[in-house]
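Participant:
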Amino acid sequence: MNSAALIIIAVFTLAAALAAATLRKLMHAALSLVVVFVGIAALFFLLGAEFVGLALVFIYVGAVAVLVVFTILLTPRDVGKDRGFNWGGAIVAVAVFGGLTWSILNTQSLAVVAPHMPALTVKQIGKTLMTIYVWPLQCVGLLLTAALIGALILVMEEKR
Amino acid sequence: MSNSIDQVFVHAKQWLLSSLTGSPGWVVQVASILINIFMLLAVFLTLFALISVLERKILARMQNRYGPNRVGPFGLFQPIADGIKMLIKEDIVPARADKIVHFLAPVLIAAVAILTLGVIPYGRNMTPFTIDGGILFFFAVGSATELAVFMAGWGSNNKFSMLGAMRAIAQMFSYELPLIITALPVVMVVGSLTPDRIVAAQAGYTFDLVPRWFVFTPWGAAAFVLFFVSGLVESNRTPFDVPEGESEIVAGHMTEYSGFKYATFFMAEYIGMFAVSGLAMTLFLGGWHAPARILEIIPSYVWFFVKLGSLLFVYIWVRGTLPRTRIDQMMNFAWKFMLPMAFTCVIAAAVWHYAGRGLRGWLWSFLVIAIVYTALSTLLDTGRKLAPRVYRFAE
Numbered sequence: 388m389n390s391a392a393l394i395i396i397a398v399f400t401l402a403a404a405l406a407a408a409t410l411r412k413l414m415h416a417a418l419s420l421v422v423v424f425v426g427i428a429a430l431f432f433l434l435g436a437e438f439v440g441l442a443l444v445f446i447y448v449g450a451v452a453v454l455v456v457f458t459i460l461l462t463p464r465d466v467g468k469d470r471g472f473n474w475g476g477a478i479v480a481v482a483v484f485g486g487l488t489w490s491i492l493n494t495q496s497l498a499v500v501a502p503h504m505p506a507l508t509v510k511q512i513g514k515t516l517m518t519i520y521v522w523p524l525q526c527v528g529l530l531l532t533a534a535l536i537g538a539l540i541l542v543m544e545e546k547r
Numbered sequence: 005m006s007n008s009i010d011q012v013f014v015h016a017k018q019w020l021l022s023s024l025t026g027s028p029g030w031v032v033q034v035a036s037i038l039i040n041i042f043m044l045l046a047v048f049l050t051l052f053a054l055i056s057v058l059e060r061k062i063l064a065r066m067q068n069r070y071g072p073n074r075v076g077p078f079g080l081f082q083p084i085a086d087g088i089k090m091l092i093k094e095d096i097v098p099a100r101a102d103k104i105v106h107f108l109a110p111v112l113i114a115a116v117a118i119l120t121l122g123v124i125p126y127g128r129n130m131t132p133f134t135i136d137g138g139i140l141f142f143f144a145v146g147s148a149t150e151l152a153v154f155m156a157g158w159g160s161n162n163k164f165s166m167l168g169a170m171r172a173i174a175q176m177f178s179y180e181l182p183l184i185i186t187a188l189p190v191v192m193v194v195g196s197l198t199p200d201r202i203v204a205a206q207a208g209y210t211f212d213l214v215p216r217w218f219v220f221t222p223w224g225a226a227a228f229v230l231f232f233v234s235g236l237v238e239s240n241r242t243p244f245d246v247p248e249g250e251s252e253i254v255a256g257h258m259t260e261y262s263g264f265k266y267a268t269f270f271m272a273e274y275i276g277m278f279a280v281s282g283l284a285m286t287l288f289l290g291g292w293h294a295p296a297r298i299l300e301i302i303p304s305y306v307w308f309f310v311k312l313g314s315l316l317f318v319y320i321w322v323r324g325t326l327p328r329t330r331i332d333q334m335m336n337f338a339w340k341f342m343l344p345m346a347f348t349c350v351i352a353a354a355v356w357h358y359a360g361r362g363l364r365g366w367l368w369s370f371l372v373i374a375i376v377y378t379a380l381s382t383l384l385d386t387g388r389k390l391a392p393r394v395y396r397f398a399e
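If you read the sequences in order, they're chains A and B.
Just so we're aligned, residue 388 is where the first sequence starts under our numbering, counting upward by one.
Just so we're aligned, residue 5 is where the second sequence starts under our numbering, counting upward by one.
Put into structure tokens, the structure is as follows:
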């Protein structure tokens, strides 16, 4: 059942990714990207990593996707202009795809049988974050707070 | 006796599944999931129909009129008439609309609302979808509502729709923060994100009298009020229905929807309201626990729906009482009052925990909340005098 689910999710995600790359309307492409995020979250669920999947949905569908669609909404569109085929983007994409394929094919872990891992609970993740990784966590928190305050200062009305 | 009534739905499901013995494991699994989904939809769509007519009746009562009383006894069959009307109405899609997005928006919003219902424990052993991070699931899936609202506003290709969607997203984002942060103290105190564990942590009674619900601790009471207000905003209900402000922007993001699609939006709004009330009960009001020991003979799911009904009554009551707020008032309230108070609840819960969770903890955490509340109200007081409005350009 798991392999069937994997194939369904993979086809779904890849189709959405293809749609995100090729659709003419920018908004449709952005919404297809959201489907890709959901598909990847589903993959994490399938692997038993519930927390990562939920965090992915939370951050990417709830926040990043809304940011993307708002950016599309608030920036001027020049519909008529045809920029032609983007060769630079194609080269970068092929290079990334080639590099990833090469490294996946050369990795040792494909040949080794994965050890059976017990499902990771949210509690374990929380404990690890609060003990071993407490400094990185605090740094990220500080950075995000600084970014939030910076954004507020940027949009604040100037006092006359 | 009480135990068998309490577990009647659980046993019924097991009996249904026992007819599948011998079939492979995944068939039983899928059947179990399908039964859960069917029950959720059946119960909550019925409740939606019931609440839609009850709301109109209660509002009418508050405004000293009759309300719907033509269809069936006391107008109770009104939802059936409404449903038939909505189904046979013409479905109008604007010519310049983005057809796909316009169609997908109500689908997504309804799906999201129904998904969030899944993680709430409705009774002893009655959680449709048990997941380790259930509270996180609720908020993660619920945050997709904003995207659905945006799709509705964008897909309609209408100024009013887009304005309504932007207002809705602005207020949903602002109030999502206090909503999540007020859930945090409960998660901290229980040490779990699983709704079942949170409900289990609220079992028992202090001095054999007061139930150990979190709403009876100072931080819990403050967090519950904040959570309830944020829930009102998240479900776009009066006094926070600025996104739909019918006197300004027709119906906000639902302007270009008609017939069944409009009904879907309406349904999603109510189901979102049920879900957020259900979560508030799970977090603060002891979920399905009875309020007194002698009342425990009444099954747990009955208590859940009694509590849900009372919370929904408060929703309707607030709608019948308060006028609509302005968007700038709402934003100021969210960022200047709700957010600091939500953080205070987190600190007060920590104080409560380290002062021993007893009477001493109660007093200390009450002190923390009282100090911050007083400081905030002094700081935010603009010193404006309340006086009758003076009309300069009209009599």
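Quick reminder that beta carbons are idealized off the backbone N, C-alpha and C, glycines included.
Could you tell me which of A:Q511, A:A538 and A:L529 sits nearest to L197 of chain B, measuring between CA atoms?
Facilitator: When only C-alpha atoms are compared, the closest one is A:Q511.
Participant: If you measure beta-carbon to beta-carbon, which residues of the region 419-441 of chain A are closer than 9 Å to chain B?
Facilitator: If the cut-off is 9 Å between Cβ atoms, the region 419-441 of chain A has V421, V425, A428, E437, F438, G440 and L441 near chain B.
Participant: In the structure shown, what three-state DSSP assignment does T221 of chain B receive?
Facilitator: Coil, per DSSP.
Participant: Exposed or buried, what is A534 of chain A when buried is set at 16 or more other beta-carbons lying within 10 Å of its beta-carbon?
Facilitator: A534 of chain A is exposed by the Cβ-count criterion.
Participant: Of all Cβ atoms in chain B, is any one closer than 9 Å to the Cβ of L460 of chain A?
Facilitator: Taking Cβ atoms only, chain B reaches closer than 9 Å to L460 of chain A, which makes this a yes.
Participant: How would you write the range of the alpha helix (DSSP H) that H15 of chain B sits in, first residue to last?
Facilitator: Here the alpha helix (DSSP H) through H15 of chain B covers V12 to S22.
Participant: According to the Cβ coordinates, are I459 of chain A and M414 of chain A closer than 9 Å?
Facilitator: Yes; because the gap between Cβ atoms is below 9 Å, this pair is in contact.
Participant: If we define contact as Cβ-Cβ less than 9 Å, is E150 of chain B a contact residue for chain A?
Facilitator: Cβ-Cβ to chain A under 9 Å: yes for E150 of chain B.
Participant: Does I118 of chain B have its Cβ less than 9 Å from a Cβ in chain A?
Facilitator: It does not: the Cβ of I118 of chain B has no partner Cβ on chain A nearer than 9 Å.
Participant: When you compare the region 223-240 of chain B with the region 180-187 of chain B, are there three or more beta-carbon pairs, one atom per stretch, that lie closer than 8 Å?
Facilitator: As far as the Cβ criterion goes, the region 223-240 of chain B touches the region 180-187 of chain B, which means the pair count is three or higher.
Participant: Which chain A residues sit within Cβ distance under 9 Å of A144 of chain B?
Facilitator: Chain A residues near A144 of chain B: A428, G440, L441, A442, L443, V444, F445, I446, V448 and G449.
Participant: If you draw a straight line from the C-alpha of G208 of chain B to the C-alpha of A226 of chain B, how long is it?
Facilitator: Each residue's alpha carbon lies about 22 Å from the other.
Participant: Can you find a C-beta in chain B that's less than 9 Å from the C-beta of F399 of chain A?
Facilitator: Chain B contact via Cβ: absent.
Participant: Taking the alpha-carbon of F269 of chain B as reference, which of B:F218, B:K61 and B:L112 has the nearest alpha-carbon?
Facilitator: If we check each option's Cα against that of F269 of chain B, B:L112 comes out closest.
Participant: Measuring straight from C-alpha to C-alpha, what distance separates L20 of chain B and G26 of chain B?
Facilitator: Going from the Cα of L20 of chain B to the Cα of G26 of chain B covers about 13 Å.
Participant: Does DSSP put Y209 of chain B in a helix, in a strand, or in coil?
Facilitator: Looking at Y209 of chain B - three-state DSSP - the assignment turns out to be strand.
Participant: Output the distance between the C-alpha atoms of S490 of chain A and V499 of chain A, rounded to the nearest integer angstrom.
Facilitator: Each residue's alpha carbon lies about 16 Å from the other.
Participant: Helix, strand or coil, according to DSSP, for V214 of chain B in the structure here?
Facilitator: Reduced to three states, the DSSP call for V214 of chain B is strand.
Participant: Please list the partners that G137 of chain B has in chain A, where partner means a Cβ-to-Cβ separation under 8 Å.
Facilitator: Going along chain A in sequence order, the residues near G137 of chain B (Cβ under 8 Å) are E437, F438, L441 and V509.
Participant: Let me know the beta strand (DSSP E) ranges lying completely inside the region 235-267 of chain B, each 3 residues or longer, listed in chain order.
Facilitator: As far as the region 235-267 of chain B is concerned, it has no whole beta strand (DSSP E) run of at least 3 residues.
Participant: Considering just the uninterrupted stretch of the alpha helix (DSSP H) at S314 of chain B, what are its terminal residues?
Facilitator: That run of the alpha helix (DSSP H) goes S304 to T325.
Participant: Helix, strand or coil for D385 of chain B? Go by DSSP, reduced to three states.
Facilitator: Coil at D385 of chain B, not helix or strand.
Participant: Go ahead and label N389 of chain A buried or exposed: buried means 16 or more other beta carbons lie within 10 angstroms of its beta carbon, across all protein chains shown.
Facilitator: N389 of chain A should be labelled exposed.
Participant: Interface residues of chain B around V453 of chain A at Cβ under 9 Å?
Facilitator: Per Cβ cutoff of 9 Å: S147, E150, L151, F154, I173 and F177.
Participant: How about S147 of chain B and G449 of chain A: are their beta carbons less than 9 Å apart?
Facilitator: In this structure, G449 of chain A lies closer than 9 Å to S147 of chain B by Cβ.
Participant: Can you name, in chain order, every residue of its own chain whose Cβ lies under 6 Å from the Cβ of V422 of chain A, other than the five neighbours on each side?
Facilitator: So the list reads A403, once near-sequence residues are dropped.
Participant: Thinking L441 of chain A and L140 of chain B are a contact (beta carbons under 8 Å), I'd like their distance in whole angstroms, please.
Facilitator: So it is a contact: roughly 5 Å between Cβ atoms.
Participant: Is the Cβ of M414 of chain A closer than 9 Å to any Cβ of chain B?
Facilitator: Yes - at least one Cβ of chain B is within 9 Å of the one on M414 of chain A.
Participant: Grab me the residues of I536 of chain A's own chain with a C-beta within less than 8 Å of its C-beta, minus the 5 sequence neighbours each way, in chain order.
Facilitator: Contacts found: none.
Participant: Return the chain-ordered list of same chain residues with a C-beta closer than 6 Å to the C-beta of P125 of chain B, the five sequence neighbours on each side being excluded.
Facilitator: T131, P199, D200, V203 and G291.
Participant: Rounded to whole angstroms, what is the Cα-Cα separation between V334 of chain A and M192 of chain B?
Facilitator: Because chain A here runs from 388 to 547, residue 334 of chain A falls outside it and cannot be looked at.
Participant: Is the region 335-346 of chain B touching the region 241-256 of chain B in the sense that three or more CB pairs, one from each, lie closer than 8 Å?
Facilitator: Result no; under three Cβ-Cβ pairs closer than 8 Å.
Participant: Against chain A, does I26 of chain B count as a neighbour if the rule is that its beta carbon must be under 9 Å from one of theirs?
Facilitator: Residue identity differs from the one stated: residue 26 of chain B is Gly in this sequence, not Ile. No - not a single Cβ of chain A is within 9 Å of the one on G26 of chain B.
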